[in-house]
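Chemist:
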Amino acid sequence: MTIATPSALATCLDDARRLLPTIRENAAEAERQGRMTDAMIAAFRSTILPRMMVTTELGGGGMPLPAQLRVVSVLSSGDGATGWSLAFATGSPLFGNLLEKPTYDAIYSNPLGGIAGALAPFSVSAEAVPGGYFVSGRSSYNSAHRLASHLFFGGIVRRDGQVTMTDGTPELRGFVVPKSQARIIPNWPVSAMIATESDDAEIERTFVAEAYSFPFIGASSSWRGEVERRIPLLSLLGPGLAAQSIGIARGALDAFRDMAMTKVPAQSRTRLADVPGAQLALAEAEGLWMAADALLFRTIDDTWTKAELGEPFEIEDAARLRLACLTTTRLSRRAIDTIRDHAGMNVVLRRSPLERFTRDMGAVTQHVAVAASRFDPIGKVLMGLPPGTPAL
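Residue numbers (this note's numbering): 37 to 428.
1. Looking at the structure shown, is asparagine 178 part of a helix, part of a strand, or coil, going by DSSP?
2. Are the Cβ atoms of tyrosine 169 and alanine 154 separated by less than 9 angstroms?
3. Can you name the residues that DSSP bridges to serine 82?
4. Any contact of the segment 277-284 with the segment 156-165, i.e. 3+ C-beta pairs under 8 angstroms?
5. Please report the residue range of the alpha helix (DSSP H) in which valine 263 lies.
6. Considering serine 161, what are the terminal residues of the alpha helix (DSSP H) in which it resides?
7. How close, in whole Å, do the beta carbons of threonine 126 and valine 107 come, if the pair is a contact with beta carbons under 8 angstroms?
8. Could you give the uninterrupted runs of the alpha helix (DSSP H) lying entirely in the segment 322-410, keeping only those of 4 residues or more?
9. Would you kindly work out how many angstroms separate the C-alpha atoms of threonine 232 and isoleucine 375, rounded to a whole number?
10. Going by DSSP, what residues sit across from glutamine 217 in a beta bridge?
11. Hey, would you say leucine 55 sits closer than 9 angstroms to leucine 332, going by beta carbons?
12. Enumerated in chain order, which unbroken segments of the beta strand (DSSP E) with a length of 3 residues or greater are wholly contained in the segment 228-301?
13. Please state if the CB of proline 102 and the CB of isoleucine 267 are separated by a distance shorter than 9 angstroms.
14. Please go through the same chain and pick out, in chain order, the residues whose beta-carbon is closer than 8 angstroms to the beta-carbon of phenylalanine 131, but skip the five residues on each side of it.
15. Tell me where the alpha helix (DSSP H) around glycine 97 begins and ends.
16. In angstroms, rounded to a whole number, what distance separates the CA positions of arginine 369 and alanine 288?
17. Starting from the Cα of arginine 265, find the closest Cα among Leu272, Ser82 and Ser257 and give me that residue.
18. Going by beta carbon distance, what residues of the same chain come within less than 7 angstroms of glycine 398, once the five residues before and after it are set aside?
19. What's the call for aspartate 115, buried or exposed, on a 16-neighbour Cβ count within 10 Å?
20. Taking 8 angstroms as the limit between beta carbons, can you name the residues of its chain near tyrosine 248, skipping five residues before and five after?
21. Output the boundary residues of the beta strand (DSSP E) element that contains arginine 106.
22. Check the DSSP bridge columns for glutamine 198 and list the partner residues they point to.
23. I'd like the span of the beta strand (DSSP E) that includes glycine 153, first residue to last.
24. If contacts are defined as beta-carbon pairs under 8 angstroms, then aspartate 396 and alanine 180 qualify, I think. What distance do you get, rounded to the angstrom?
25. In its own chain, which residues sit with a C-beta less than 6 angstroms from the C-beta of aspartate 236, not counting the 5 before and 5 after it?
26. Alpha carbon to alpha carbon, how far is glycine 415 from valine 171?
27. Are the CB atoms of leucine 428 and arginine 358 within a distance shorter than 9 angstroms?
28. Which word fits proline 348, buried or exposed, when buried means at least 16 other C-beta atoms lie within 10 angstroms of its C-beta?
The structure is reproduced here in structure tokens:
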């Protein structure tokens, strides 16, 4: 089984907690420059965390996804954008697992090896040729690309000039290329998650060998472990966003409590901490956070254990896991919304961590993996109907 041992997970969590002061100290500067600071990256790389999910035979921690999610939650409590970037960096092997074992080894034997990319296959095309594909196109939202040696592109495959369709869906594949073969195009004009540097990446008629590609829909590992073989990539990615939302909410609640200890609201002689309304709001928000935390980690642990036991991952399991991710993000957002009415101008002042946590939480819930539109296919499955999409 690939469940993390308590000591191994404790080491990763200790590293994450030790990074929190650095994350907080660098958050404002990272947002100003639109990317993580060099000091933050150096501190991150001084820990086991960049390779916590890499196989032990390559010197990694061999940690499974449930362990990584707990680490992501801690990191995100320091700063949402930093947590977002480090979530993609620590979770890089989720993409690598889909490649053939020798290809995985070639990438991750490099101590700085890693994969970043975006699940946006409809702006990239791939021409099938003997031994591989010629890939061209431009993808957006390549978060944390500075922490990767390779980039992932999703693309539509053409064979003999024609797109192959199955049940109305074109053939989609993932392609992994050295970052040196792609062009990074700065294109991240946003008001939240600014420091994630989620730029565009472009390649032009770049040959990608078959061994560096994999089927996109339903992609799962052929070699890593029971869970990675049974649960497809698209189902494994949503929990990361939910873990980030839990961490961001934790950071916001802590920031609110710390602020309340000294803040005296306008037209008041009393500390915010002594105001009954603020006390009630914090208690309710804490309960919402506890519910979000329990829901995500109970669901992911149950899902993981079931797959480890060799049980099939059914469409109902995919719907339940996705629903847990959607609900977790919304509970986390509600936790922040509950306290913001009592925070005064600290919610809008750029120098306030609470303002940044509030903005970044809004960005998480807009991600396609946990967007409100995902409730529709889940509802269909709960009704016993086909979900209407291959990407539940």
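Note that CB positions come from ideal geometry on N, CA and C, so glycine has one too.
Modeler: Working from what's here:
1. If DSSP states are grouped into helix, strand and coil, asparagine 178 belongs with the strands.
2. Cβ distance not < 9 angstroms, so tyrosine 169 and alanine 154 don't count as in contact.
3. According to DSSP, serine 82 bridges with nothing at all.
4. Contact annotation: the segment 277-284 does not touch the segment 156-165, with fewer than three C-beta pairs closer than 8 angstroms.
5. First-last of the alpha helix (DSSP H) with valine 263: 262-266.
6. Counting along the chain, serine 161 falls outside any alpha helix (DSSP H), though it belongs to the beta strand (DSSP E) covering 160-165.
7. Indeed, because the Cβ distance is near 6 angstroms, the residues count as touching under 8 angstroms.
8. For the segment 322-410, whole alpha helix (DSSP H) runs of length 4 or above, ordered along the chain, are 351-376 and 389-400.
9. One C-alpha to the other measures close to 26 angstroms.
10. Answer is none; glutamine 217 lacks a bridge partner.
11. Against a cut-off of 9 angstroms, the Cβ pair of leucine 332 and leucine 55 comes out as no contact.
12. Counting whole runs of 3 or more residues, the segment 228-301 contains the beta strand (DSSP E) stretches 235-245 and 249-251.
13. Taking a C-beta distance under 9 angstroms as the contact criterion, isoleucine 267 and proline 102 do not qualify as a contact pair.
14. Here phenylalanine 131 has Ile151, Gly153, Phe188, Gly210, Val212 and Leu269 as same chain residues with Cβ atoms under 8 angstroms from its own Cβ, once five neighbours each way along the sequence are excluded.
15. Glycine 97: not part of any alpha helix (DSSP H); DSSP gives it neither H nor E.
16. Going by the C-alpha atoms only, they are around 10 angstroms apart.
17. Out of Leu272, Ser82 and Ser257, Ser257 has the C-alpha closest to the C-alpha of arginine 265.
18. Taken in chain order, the residues that qualify are Ala228.
19. Under this definition aspartate 115 is a buried residue.
20. Apart from the 5 residues on each side of it in sequence, tyrosine 248 sits with its Cβ closer than 8 angstroms to the Cβ of Leu135, Thr139, Gly168, Phe211, Val212 and Val213 in its chain, given in chain order.
21. Looking at the DSSP string, arginine 106 is not in any beta strand (DSSP E); the run it does join, the alpha helix (DSSP H), is 101-112.
22. Looking at the DSSP output, glutamine 198 shares a beta bridge with Arg195.
23. Start and end: 151-153.
24. Contact check for aspartate 396 and alanine 180: beta-carbon distance about 15 angstroms, past the 8 angstroms limit, so the pair fails to qualify.
25. Sequence-distant partners of aspartate 236 (beyond 5 residues in either direction) whose C-beta falls short of 6 angstroms from its own C-beta, in its chain, are Arg174, Ser176, Ile221 and Asn223.
26. As the crow flies, the alpha-carbon of glycine 415 is around 36 angstroms from that of valine 171.
27. Result yes, Cβ atoms of arginine 358 and leucine 428 sit closer than 9 angstroms.
28. Classification for proline 348: exposed.
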